[in-house]
Each structure stands twice: as structure tokens, then as C-alpha cells.
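Worksheet: one structure, shown below.
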Amino acid sequence: MQAFTDAILNALAAESGLDADAFKLERARDPKLGDFAVPCFPLAKALKQAPPAIAADLAAKLPARLEGITVEAAGPYLNFRIDRTALASTVIGAILDQGQDFGKSDEGHGRTIVIDLSSPNIAKPMSVGHLRSTVIGAAIQRLHDHLGYTTVGINHIGDWGSQFGKLVAAMNRWGDTVELENDPIQALLALYVRFHEEVENDPSLAEEGKEAFRELESGVDGDVRATWRKLTELSLAEFDKTYKRLGVTFDEVRGEAFYEDHLDATIERIVASGVTETSDDALVVSLTEFNENLPPCILRKSDGTTLYATRDLAALFQRWEEFSFTRCLYVVGSDQRLHFRQLKNVLKRLEVDWEPRVEHIDFGLMRLPEGKLSSRQGRVVFLEDLLDEAVEKARGIIAEKNPDLADAEDVAQAVGIGAVVFHDLKRERIKDVLFEWEDVLSFEGETGPYVQYTHARLASIEARAASQGLGSEDPDLTKLDDAGDLLLLLGRFPAVVRSAARNAEPSEITRYVLELARETNSWYANHRVLGDDPVLSRSRLALVCGAKIVIANSLRLLGIGAPEEM
Ligand code: ARG
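Structure representation (C-alpha cells):
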């Protein structure tokens, strides 16, 4: 497809004597008029002519420079239409030739993207917010991988802070009253709750908590640290279960504690640059020059301990040193907007020139319908339960629709988990997500199962063709001249991948693949693929294979399985 758009832009540049980027190539508003349009208003000044005259003039001269593309003037617009046979052979040729690699490029060659994602807090259940961060962040990473970037996915585990002092104190007092091995997160949560209940009437407990955190921060490798380490290990093992089900891995799992040895140097560096001051005995960087209401960034509290922001600043400097990133993306909920604004403004005060490379990739809340999840009474909603329930429901649907399915259990996993992931990525990330089972798991409408089902349908056509000894080789692509919309859509895939990566917006892929599934189904409803004419059958089969590959590629980038049968 880019071959065509490049050809158009080059021809326009050569004919007009202007730079290719003087032209804005858009999708034609009315598909009847063409596939692409170029408005001539912006050229009037440079070419010293009225836009309609420019359009008419170029429309007359361009055909000599364009092959397989027709051009027409319509008022101040130039409309371009790609010859359907040329379109079919370029698009289908590229897809069948490149398969899984279709849409790959080397735009990212030699560039590193750091992605901070998932980042749950130990001793607590992973929340739906962390699920969103995991799913969105992993998709952003895969998109960049596809474009040849070096990507580094970092799970910035919340394993440091005063709450861990409290937890250690609670463990010391009542640790032997809870079952840590069986359900560690639940047990730790219970300890934490008990601490807060009992501390009301027992101030010594508060003191023990503070003392434990002080000891932790002091670096002493004693009992406190041993207990903290155990908490971390138990929690990470629990988190791994969820990551496994989602098929997500990390390049680095670095908790906040990883930056322990960098904290002093970070604070010294900021102090040395002269932007700190003392406020209520705390060491802070004032940010009022950016906005008078912006609270200062606190680096060290009056009791000498560090904060979430201190550790994030240390991590930023460390990441810059290690990776010299082109972008450093923080996939974190929009409730932390203030935090990231503060971090970036501290960088600005330090006059760090890579500050614009640091981006908060924020997202909205996921709201779960109350009482509809089968979580045990009195428990917070555990993600594992949510995923279990999705798979359970998928199992039920599959048993009903296709009771003889061979790999029913694998398919139920792919459909159940895939449905939750797809739903999460369906709208612009900044929008809140309302979780309703009907919207998640339906086989019709804008759902993961709908797209997977479309893919499986194409796979079954392929299988039927194969059983008749028919393949997609030697197609006559002139026979696809009535599949223009579908071909254009398939050809757009590489551009959609580039745009989704640039905007760190996986929903661009979700929207795209929904449109592709719809377009494929409507084409299929009107065309018989395997008929009496073998050449026509092979040609249509080539289109079916192409659509199947692009749907599977889209799903893979989103982190969703594409079963051959369901
Ligand atoms: N652990 C934090 C939380 O659950 C998220 C950390 C996000 N990453 C970061 N570098 N601050 O709220």
C-alpha cells in the first residue's frame, strides 16, 4: 500500500516542483470518488493559483507519471483510485509472502523504548488497574517489537515503602496465626488489616512498624530484611500465575528496592544542581514555577526516609544511563497524573534535555459490576477469579456451540482470556472500561470472540479447500476486482501498526481488526469461495488466506490467541 501512496506523493512532487511533504494524502471521504484524496488549498500560495485550477492542472498531467492509479479532479480536490488488479496483487502478494512478518519494518532500528508496565504492589492482590497496565503495556511493547525497536519491558514492583515496615511488624506479632504458603496474598492482606485495627489501641505497634521500615531503609541485612524478602518472593510467585495466563513476560523485574543503591546519589545530584529547599524539615523541589497549585516533589521526609517519587527519579536516571532510550513510557492509571507531572517537572528544573522522552501513558479505570463476580464472600475481587470465570463461561459457550471440538480446553482458555484482554483494549485507553460479561464474551458485536470466530471460519474454508486439493497458488487476481474495500483495509495494516505504536494506543489495532472482521464477513456473505471455477476459487482463497493472516497478526499483537477451530 505504501508503494502506492509513495508513488502518488512522488508524482505530485515531481510535477509541481514542491516537496512531497507539502501534500496531505488522506483517505477519500466518499469511497465512490476514489481511495485517496489530496486537498489543494494548502498549495495555492506556493503555486500562485486557485485550488480548483491546481487540481485540474495536476489531474491532466499526473497520469503520465502514474501506473495502476487513476486520478481525477473534483473541485479543489484530487482523487486517486488504485486499479483493483494492481491493488490485489500488491496487497495479497505482500501478505502471502510475509505472513507473520507482514507489517514489520525497521523504523525502530537502533532505537530503544523502555516500557514501565504492570507494577503491582507486593503483599496485595494485583488489581484490575494492574491488569490494564499489563495488557496495555505488553501490547505497546509488541507493537514496537514489530517495528524493529529494541524494547525493554520493566515490571516496577511496589516492594518498598512504610507499609512494608508495618507488615513486618504484623508478621513478627501474628505471623504464625496465618497460613502463608497456601494463599499468601490473602494471608498478608489479613495481617495488614489486623495491623490497622489493633494499632488504634496500641501505639507501640505503630512504633514497631516505623522502626522496621527504618531498619529496612538502613540496608542492614537482618531479620527485618529476611521477612521482607520472603513477602516479596511469595507475592511474585502469585503474580507469575496471572502473567502466565496472560502470556506476558518481562525483560526486567525490578522492584522499587532495586534502586536502593541509587537513592543517595540521586538526591545528591538534585541537591547539587541547586533546585532543592527544605520545607517542614523535608527535602523538596518546588514546582510552583510551572503552576502555582502544583505541590512540591518531596525527595526525603523529615524522618529521613525516601518516597515513591524519590525511587522513581532514581529509576529514571538509572534507565537513562543504561538504555539511552528514545522513549520511556509509563503505563500507569490516570489517577497518577500528578505524580508523573511532578517527575517531569523535576527533570525540567534540572534542565535535563531528554525530559520530553519521558511519557505518562495513562489509562482510565476498569469498573467491575458489583456482586456479579463469583468471588468468595468478603474477599476483594481477585484477578485470578475474574480470569477463571471468563474461561468457565467460554467453556460453557463452546460446549453448547461445538460439543465435539477437539482441543476444547485450550480453546476455552484462549477465548476466555482473550475476551477479557480484547475488552480491555477495545476503546481508547484513557476511557473507563465498564465490565459487563455480555459485552466481553458475546460471539457477536465488538468482542474478542467475534474476531476469533471470524478467524476460525476462514481457517475452516482453508481446511475445506485443502481437503479438495485446492491451494491459493497461481491465483488470477483480476478476479478480485470486486473486493476493493477488503483489499484496501488489508493494505492499511502496516500503517495502523505504525500509528498505534506512535500513539501508544493498542485500541487502534482493536478497532482495525473489528472493521476487518466485519468487512471480511460481509464479503464472504456475498461471495462463494469454493465453487466450480478452479481459478476463481484459488483467487478467492488467496484473499481468504490474506484476511486470516492479518486477523491473526492483529490478535497476536494484542496478546490474544487465534484458534484454528472453535
Ligand atoms: N506500584 C504502583 C501502584 O500500584 C505503580 C508503579 C508504576 N510505575 C512507576 N514507575 N511509578 O500504584
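Numbering (the working numbering), first residue to last: 1077 to 1642.
For each residue, glycine too, the CB sits at the ideal point set by N, CA and C.
Q.
According to DSSP, simplified to helix, strand and coil, what is Ser1630?
A. Helix at Ser1630.
Q.
Please report the straight-line C-alpha distance between Glu1522 and Asp1133, rounded to a whole angstrom.
A. One Cα belongs to Glu1522, the other to Asp1133, and the distance between them is close to 45 Å.
Q: Decide yes or no for the touch test of the segment 1351-1359 against the segment 1229-1239: beta carbon pairs closer than 8 Å, at least 3 of them.
A: Per the Cβ contact rule, the segment 1351-1359 is not in contact with the segment 1229-1239 (fewer than 3 Cβ pairs under 8 Å).
Q) Is DSSP giving Leu1223 helix, strand or coil here? A) The answer is coil: DSSP assigns Leu1223 none of H, G, I, E or B.
**Q.** Ordered list of beta strand (DSSP E) runs contained in the segment 1391-1443, each at least 3 residues
**A.** 1403-1409, 1434-1439
Q: Hey, could you find the ends of the alpha helix (DSSP H) Val1497 is sitting in?
A: 1484-1500
Q: Figure out for me which residue from Pro1107, Lys1624, Tyr1526, Lys1507 has the closest Cα to the Cα of Gly1494.
A: Tyr1526
Q) If Ser1209 sits next to Val1408, beta carbons under 8 Å apart, how far is it from one beta carbon to the other, in whole angstroms? A) 6 Å
Q) For Cys1621, which three-state DSSP category applies? A) helix
Q: Would you be able to state if there are at least three C-beta pairs under 8 Å between the segment 1620-1637 and the segment 1569-1588?
A: yes
Q: Find the nearest neighbour of Asp1327 within the set Val1190, Asp1340, Arg1594, Pro1432, judged by alpha-carbon distance.
A: Val1190
Q) So what does DSSP say about Asn1579, is it helix, strand or coil? A) coil
Q.
For Glu1549 and Cys1621, what's the separation of their Cα atoms in angstroms?
A. Taking the straight line from one Cα to the other gives about 11 Å.
(Q) Under DSSP, the alpha helix (DSSP H) around Asp1299 begins and ends at which residues? (A) 1299-1322
Q | Asn1086 versus Leu1459 - alpha carbon distance | A | 52 Å
Q | Check whether Phe1099 and Pro1152 have beta carbons under 9 Å apart | A | The criterion of a C-beta distance shorter than 9 Å is not satisfied by Phe1099 and Pro1152.
Q: May I ask which residues mark the beginning and end of the beta strand (DSSP E) holding Pro1115?
A: 1112-1115
Q | Complete runs of the alpha helix (DSSP H) confined to the segment 1103-1171 [at least 4 residues] | A | Uninterrupted alpha helix (DSSP H) stretches at least 4 residues long and entirely within the segment 1103-1171 occur at 1120-1123, 1127-1137, given in chain order.
(Q) Do Lys1377 and Leu1370 count as a contact pair if the criterion is CB distance below 9 Å? (A) Leu1370 is not a Cβ neighbour of Lys1377, given a cutoff of 9 Å.
Q. So Asp1192 is in the alpha helix (DSSP H); what residue range does that whole segment cover?
A. Element bounds for Asp1192: not the alpha helix (DSSP H) but the beta strand (DSSP E), 1188-1192.
Q.
What residue range does the alpha helix (DSSP H) around Arg1540 cover?
A. 1524-1543
**Q.** Nonlocal neighbours in the same chain, by C-beta distance under 6 Å from Gln1489, ignoring five residues either side
**A.** Val1467
Q.
Going by the DSSP bridge assignment, what does Ala1358 pair with across the sheet?
A. Ser1355
(Q) On the DSSP letters alone, give me the boundaries of the beta strand (DSSP E) that Arg1376 sits inside. (A) Unbroken beta strand (DSSP E) run through Arg1376: 1373-1376.
Q) Is the distance from the Cβ of Asp1500 to the Cβ of Arg1443 below 9 Å? A) Cβ atoms of Asp1500 and Arg1443: not closer than 9 Å.
Q. Comparing alpha-carbon positions, which option in Asn1597, Thr1596, Phe1393 lies nearest His1338?
A. Phe1393
(Q) Looking at the secondary structure, which residues open and close the alpha helix (DSSP H) in which Asn1086 lies? (A) Start and end: 1078-1092.
Q.
Tell me the DSSP secondary structure of Ile1216 in three-state form.
A. helix
Q | Beta-carbon proximity list for Gly1447, same chain, < 6 Å, skipping 5 on both sides | A | With a pLDDT of 49 at Gly1447, under the threshold of 50, the modelled position of that residue is not reliable, and no figure is offered here.
Q: Can you tell me which of the three DSSP states Val1509 falls into?
A: strand
Q. Per DSSP, what kind of secondary structure is Thr1382 in: helix, strand or coil?
A. strand
Q.
Let me confirm a value: Arg1105 is counted as buried when at least 16 other C-beta atoms fall within 10 Å, else exposed. Which label applies?
A. exposed
Q. Between the segment 1197-1217 and the segment 1314-1334, are three or more C-beta pairs nearer than 8 Å?
A. yes
Q. In this structure, what does DSSP give as the bridge partners for Asn1197?
A. Gly1234
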